[in-house]
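So the sequence lines, in the order shown, correspond to chains V and D. Take the first sequence: its letters are residues 1 to 319, numbered as in this note's numbering. Take the second sequence: its letters are residues 320 to 448, numbered as in this note's numbering. Quick reminder that beta carbons are idealized off the backbone N, C-alpha and C, glycines included. Remember, it's a predicted structure, so these values are computed and weren't measured experimentally.
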Amino acid sequence: MSDSFIPLGRLFMLIFVPVTLLFPLVFAALVPNRAADDSARIKARGMMLTLAMSTVALLAIWVGLVLTGLRFNFAMIIAGFWWPWFFPLWFFLAMPAIVAKNPHWGWTVGGGSASGGVRTASLVNRERTSPVTRAMWAVPITLLVLILAAIAARGLLPFGVGPYPGDSAVDPEAARVAYAEAERSRWIFSLVVFGSVFGFLLAILPRSLRRTLSEPEPMDAAGSPELAGLYAAQRRKRVLGLFWGSGVVLPLCIGVFSVLQTWFPHDGSTWGLIGGIGGSILGICGAIYGTWMTVDRAKISEVRARLDAADASDAPAAG
Amino acid sequence: MLTISLASPVPIHDQLVAGLRGLIAAGQLAEGDELPPVRQLAADLGINLNTVARAYRELTDAGLLASTRGRGTVVIATVERASGPKAEERKRIEAGIAAALGDAKLAGLAREAAESMAARQIERLWKHA
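Structure, rendered in structure tokens:
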């Protein structure tokens, strides 16, 4: 059964690696060039060119590895692990290029201000404004109990009942005992790993939500309600995204995977492949969500800069 | 809202203390109102955590704020605990007014402008008294 999945895995790798490597270039290219003056614009274009050339070079090497991999398997293995080049492309080339193209992206983290030295903050305790209600916590807690019960229930049935492949011709009873032991180990492993991973995620989630609520929200000098509203909407999306993503969707996927692996242990290679692809898809979804939040945050920074500029032009001249 | 200016010669800590005292004096922060956590205010203003913590501590020592478990920092009074004899207090306040008016004169404000500014602040602070 697993052999039929190998081409699917290869196909996924053939799509995943180039998409991951192209992402920083495409993302940076989509950010409009709003550099302050001509020299800054030229500098931003130079950084984009460096990013484009690096991306093309890495993709060319990857294509070479894939073609070589048709004859020598080691090259295909290296090609499969070519995607981590995403990190230097993103952090060292794409992010500086994005900030050079649009300086507001530089304010997506921290409490910097567009209005010279004037800084304004709201005195509302945001930790008290969480959109996650007490009732909502029932969802992840119920999920934890149900999935743990589903995994634990497997222990009530005997292990090693088959059908299982094995060297039955050599010693059928010894093979059965060995498979029963392997199934029992897998069951205990699933129970412990799922319980501790989900338990840990749930234990740190309230703290993570509090940290998300108190992320910097620097106001414009006049403390505009428009900006406060944008921050509140974005905070709500961020907190709910973290709650449903880390508290429900991620544990649900890991949980269903653990239950399937425990109840149908003979399809281990299938679950492995599905887990690998599913994990990658979850990771991509998380990256898309994170990017969406960053774009949102950059837009808010632009609004703040606009409001600060308006405040500065409205202010009466000293005298 | 609390505003500080990095361009001001007044230290950030003093601006924070003055800003919070001003909000309490004007009734914008009432007894029982909760202040944001130190980390949040420091992050929003882009300043050091310790600066905010020191300002909160100073106002706590003055009897205006209190830290309570589970509720964070709360306004507990709108009148400061006397830090010394009445005459001393008055001298300190007058020195503060003198410094502010001196600042206005150095900034080139006319006497009428300074008077109207002072009157506006008096009106704002004592309108409910």
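With a cut-off of 8 angstroms, does the C-beta of residue i fall near any C-beta of chain D?
i	result
residue 221(V)	yes
residue 216(V)	yes
residue 121(V)	yes
residue 112(V)	Because residue 112(V) carries a pLDDT of 49, less than 50, the predicted location of this residue cannot be relied on, and no value is offered for it.
residue 239(V)	no
residue 126(V)	yes
residue 300(V)	no
residue 118(V)	yes
residue 305(V)	no
Kindly identify the DSSP beta-bridge partner or partners of residue i.
i	result
residue 323(D)	119(V)
residue 392(D)	386(D)
residue 219(V)	120(V)
residue 413(D)	Residue 413(D) is not bridged to any residue.
residue 377(D)	Per DSSP, none; premise fails for residue 377(D).
residue 353(D)	393(D)
Is there a C-beta anywhere in chain V that falls below 8 angstroms from the one on residue i?
i	result
residue 359(D)	yes
residue 422(D)	no
residue 353(D)	yes
residue 363(D)	yes
residue 323(D)	yes
residue 385(D)	no
residue 465(D)	Residue numbering for chain D in the displayed model covers 320 to 448; residue 465(D) lies beyond these limits and cannot be assessed.
residue 430(D)	no
residue 391(D)	yes
residue 320(D)	yes
How many Å lie between residue i and residue j at the Cα?
i	j	result
residue 456(D)	residue 225(V)	Summary: the structure shown does not reach residue 456(D), with chain D confined to residues 320 through 448, and so no result is reported for it.
residue 202(V)	residue 249(V)	12 angstroms
residue 260(V)	residue 184(V)	14 angstroms
residue 427(D)	residue 30(V)	49 angstroms
residue 197(V)	residue 243(V)	16 angstroms
residue 394(D)	residue 423(D)	31 angstroms
residue 86(V)	residue 24(V)	7 angstroms
residue 10(V)	residue 91(V)	28 angstroms
residue 127(V)	residue 12(V)	42 angstroms
residue 359(D)	residue 130(V)	14 angstroms
residue 350(D)	residue 140(V)	38 angstroms
residue 439(D)	residue 387(D)	35 angstroms
residue 435(D)	residue 324(D)	23 angstroms
residue 56(V)	residue 48(V)	12 angstroms
residue 155(V)	residue 272(V)	22 angstroms
residue 361(D)	residue 367(D)	6 angstroms
residue 21(V)	residue 311(V)	42 angstroms
residue 317(V)	residue 419(D)	Caution is warranted here: a pLDDT of 46 is assigned to residue 317(V), below 50, making its placement in the model unreliable, and the coordinate value is therefore given only provisionally. If I take the Cα positions, the gap works out to 19 angstroms.
residue 297(V)	residue 94(V)	17 angstroms
residue 227(V)	residue 76(V)	51 angstroms
residue 136(V)	residue 145(V)	15 angstroms
residue 233(V)	residue 320(D)	19 angstroms
residue 207(V)	residue 288(V)	23 angstroms
residue 277(V)	residue 81(V)	14 angstroms
residue 441(D)	residue 337(D)	16 angstroms
Output the boundary residues of the alpha helix (DSSP H) element that contains residue i.
i	result
residue 234(V)	225-244
residue 159(V)	From DSSP, residue 159(V) is part of no alpha helix (DSSP H); its letter is neither H nor E.
residue 95(V)	95-101
residue 69(V)	38-69
residue 214(V)	Residue 214(V) -> no alpha helix (DSSP H), and no H or E assigned at all.
residue 342(D)	331-344
residue 80(V)	73-80
residue 255(V)	250-263
residue 440(D)	430-445
Any chance the CB of residue i is under 7 angstroms from a heavy atom of the ligand MG?
i	result
residue 158(V)	Judged by which ligands are present, the structure shown has none, so any question about the ligand MG falls away.
Using beta-carbon positions only, say whether residue i and residue j come within less than 8 angstroms of one another.
i	j	result
residue 160(V)	residue 180(V)	yes
residue 119(V)	residue 364(D)	yes
residue 17(V)	residue 100(V)	no
residue 194(V)	residue 258(V)	yes
residue 348(D)	residue 342(D)	yes
residue 251(V)	residue 143(V)	yes
residue 375(D)	residue 357(D)	yes
residue 383(D)	residue 396(D)	yes
residue 303(V)	residue 213(V)	no
residue 102(V)	residue 34(V)	yes
residue 125(V)	residue 346(D)	no
residue 40(V)	residue 97(V)	no
residue 355(D)	residue 123(V)	yes
residue 211(V)	residue 293(V)	no
Does chain C have any CB closer than 8 angstroms to the CB of residue i?
i	result
residue 117(V)	Checking the listed chains, one finds no chain C in this structure; the protein chains it contains are V and D.
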